[in-house]
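In the working numbering, the protein residues as written are -14 to 146.
Backbone N, C-alpha and C define an ideal beta-carbon position, used for all residues, glycine too.
Below is one structure; the comments refer to it alone.
Written as structure tokens, this is what we have:
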């Protein structure tokens, strides 16, 4: 009789151990496979920008072909160069999106400077020489006039800023 009681007691204990093990395994599986909710709003994401060209009246002339090329500079919050882009006339007309990718933690502020239609009648910053915002410049070229003793400025094409 005592042996039967011992056997029953041992079976109950084995059954309890088995259920405990299964419960722990299920809880562990649920905990390891569940989602972790975090606020990812502070993480920088790649973003895209496009160039939109407007005339003096505010009309969108991006697709008109009036802009032959665009040079765009992106500066960080310390006004150091972050990235630069060159867009051809067809890329401007097609509103080509420029991909901006930042490493974590990113920048708190970006400044964009875009110039359009720079030609031989203007002198401007060489893209590779620009390291800071203060390095940017555009100026109309000039030459000595043969008729007068004064300097005359060349007439540039339509400039966009």
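- In this structure the segment 85 to 100 touches the segment 57 to 74; the number of beta carbon pairs closer than 8 Å is three or more.
- As computed with DSSP, residue 108 is found in a beta bridge with 124.
- Leaving aside the five residues that flank residue 31 on each side, the residues in its chain whose CB is nearer than 7 Å to its CB run, in chain order, 84, 85, 86.
- Cβ neighbours of residue 116 within its own chain (closer than 8 Å, five residues either side excluded): 65, 66.
- With fewer than three CB-CB distances shorter than 8 Å, the segment 68 to 77 does not count as touching the segment 118 to 125.
- In the DSSP assignment, residue 93 falls outside any alpha helix (DSSP H), carrying neither H nor E.
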